[in-house]
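Comments concern the structure below.
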Ligand code: HXC
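Residue numbers (this note's numbering): 373 to 871.
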């Protein structure tokens, strides 16, 4: 049964730097825990001579086993059997194992390595994909779904990963695209390779499709195992709790990480690693829209989702990609009972025609919506700037944050001093003898009024003003006191998030 398409094809698979399907399964699951389902299933097509070759399993291994002691379901395509192509029975096997994962409340992982729809089976193949997409959608928000692209994934086949929560790819040996280089050349005249069209780098940095790209099969599967450790098995459970670990870096240093000059950049990772349990920050999509960071971490052993503006890139502005990236993450955390910690230092939404034409209104609305809709514990730390719509958007009290703290130098205002003064005192500045001097004076006045969190705190929109070095202890206290939070929302079929 483990011979797939035969020794020669298995060797060809290894020669490409890929593991075979069974090597992947053995690596992924705890030793001796994997149970295959449907290993004898064969296709039943007689088109184009297919009846002469009916390998058991039909090119996909399905089953379940334990990953670090927890139940996980898998469908792993075998490229050595008909190029891993998906026909009627191959599709049915995947659909069946997905049903089992949903019914038993355990994560579903797919290892994609396939030439796509099995051309000879026609509608049987298309039906197979349709059944899978249907279940991907049904399972969304019920069990975590992870796609691992370990070879070709082309045409409509990309839409299963497209629906799932996380997409891991393997560098150099995997690619994803709707239409391949040949078709593109014919239709548009563009010349691209598989890699420059849909390789790991493209999807990690440009399209935002990939959550992670590993250097080889093992690294990528190890990443998936680690990811699973932050997640519950289903939407009715909480993630496993681990032992607490003090941050590796001295948290007292936090008092000096954020420059007091609001125009100076810094890296929010420096803050995160001083807040969360040592070695637990697990970043996602790190190379896409780096002006916002998203990732899991643990605080006192409890899984949390961390969203942070990163002033190192685009001054931490929210743009189209950052908004969509963070919104999807917030919704994942909310669906799976993972509390949210939001670290705010945001000068606003990124201005410009590029952003407006690309729909910053629609995309920014996603993040507002996602935060407002989330009912998990929502804790917010305002580190420095928090201006305008972006202030509201970054999990402010007004969107239902449970606890909001601010560091002493925080500025919460409609906009920064320069822009504000130019608008509200334009006539006065124009009339002044020393226009620059008067503008500076007015900027100082504005800064005195708004360059601190007192006004917001006096109105109850900030719960506490704390020193940066106190943040870990305070946030842990808040997290523990909100861990059993329950919030009933009005009955409805579903909302209509701006997509
Ligand atoms: C049937 C297929 C197949 C397919 C590969 N094979 N893809 N058989 N249907 N879609 C078979 C090959 O005939 C070959 O069989 C074996 O798998 C290995 O394929 P090779 O071409 O020898 O491998 P390689 O050179 O590594 O090239 C891999 C490949 C190429 C780039 C993936 O096979 C390819 O371009 N395949 C077609 C891709 C495609 O256009 N798929 C349809 C996409 S549209 P033998 O017996 O000779 O070894 C789609 C619609 C889905 O998927 C719609 C869902 C909504």
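Glycine included, C-beta positions come from ideal geometry on N, C-alpha and C. The structure displayed is predicted, hence computed values, not measured ones.
Exercise. Less than 7 Å between the CB of residue 570 and some heavy atom of ligand 1, yes or no?
Worked result: no
Problem set entry | Extent of the continuous beta strand (DSSP E) to which residue 407 belongs | 407-409
Exercise. With respect to the alpha helix (DSSP H) encompassing residue 555, which residues constitute its N-terminal and C-terminal limits?
Worked result: 553-560
Problem set entry | Selected residue, minimal CA-CA separation from residue 437, among 473, 422, 712 and 418 | 473
Exercise. Are the stretch 715-735 and the stretch 689-702 touching, with three or more C-beta to C-beta distances below 8 Å?
Worked result: yes
Exercise. What is the DSSP secondary structure of residue 399, counted as helix, strand or coil?
Worked result: helix
Exercise. Within 10 angstroms of its Cβ, does residue 522 collect 16 or more other Cβ (buried), or is it exposed?
Worked result: buried
Exercise. Anyone know if the C-beta pair for residue 718 and residue 780 falls short of 8 Å?
Worked result: no
Exercise. Which residue comes first and which comes last in the alpha helix (DSSP H) that contains residue 826?
Worked result: 826-830
Problem set entry | Inter-residue spacing [alpha-carbon to alpha-carbon] between residue 534 and residue 583 | 11 Å
For this session: Can you say whether residue 388 is buried or exposed, counting buried as having 16 or more other CB atoms within 10 angstroms of its CB?
Result: exposed
Exercise. Going by alpha carbons, who is nearest to residue 398 out of 374, 415 and 421?
Worked result: 374
Exercise. Taking Cβ positions, are residue 508 and residue 551 nearer each other than 8 Å?
Worked result: no
Exercise. Can you name the residues that DSSP bridges to residue 714?
Worked result: 679 and 752
Problem set entry | Identified DSSP bridge partners for residue 757 | 783
Exercise. What is the DSSP secondary structure of residue 689, reduced to helix, strand or coil?
Worked result: coil
Exercise. Does at least one heavy atom of ligand 1 sit under 7 Å from the Cβ of residue 492?
Worked result: yes
For this session: Locate the alpha helix (DSSP H) running through residue 449, then write down its first and last residues.
Result: No alpha helix (DSSP H) holds residue 449; the beta strand (DSSP E) holding it covers 442-449.
For this session: Please check the pair residue 756 and residue 728, which I expect to be a contact at CB under 8 Å, by giving their CB distance rounded to whole angstroms.
Result: Not confirmed; about 26 Å, so no contact.
Problem set entry | Residue range of the unbroken beta strand (DSSP E) whose run includes residue 521 | 517-521
For this session: Give the C-beta separation of residue 613 and residue 676 to the nearest angstrom, bearing in mind that I take them to be a contact with Cβ-Cβ under 8 Å.
Result: Not quite, the Cβ-Cβ distance comes to about 11 Å (not below 8 Å), so this is no contact.
For this session: Indicate whether residue 542 and residue 573 have their beta-carbon atoms separated by less than 8 Å.
Result: no
For this session: Would you give the residue range spanned by the beta strand (DSSP E) that residue 741 belongs to?
Result: Not the beta strand (DSSP E): residue 741 falls in the alpha helix (DSSP H), residues 732-745.
For this session: Taking only heavy atoms of ligand 1 into account, decide whether any of them is closer than 7 Å to the Cβ of residue 526.
Result: yes
Problem set entry | Beta-ladder partner(s) of residue 423, from DSSP | Residue 423 is not bridged to any residue.
Exercise. So the alpha helix (DSSP H) residue 795 belongs to, where does it begin and stop?
Worked result: 789-796
Exercise. Would you report the Cα separation of residue 682 and residue 564, rounded to the nearest angstrom?
Worked result: 33 Å
Problem set entry | Whole-number beta carbon distance between residue 686 and residue 656, since they are thought to touch under 8 Å | Not quite, the Cβ-Cβ distance comes to about 19 Å (not below 8 Å), so this is no contact.
For this session: Name the two residues that bound the continuous beta strand (DSSP E) containing residue 667.
Result: 664-671
For this session: For residue 489, verify whether its CB is less than 7 Å away from any heavy atom of ligand 1.
Result: yes
Problem set entry | residue 725, DSSP secondary structure in three states | helix
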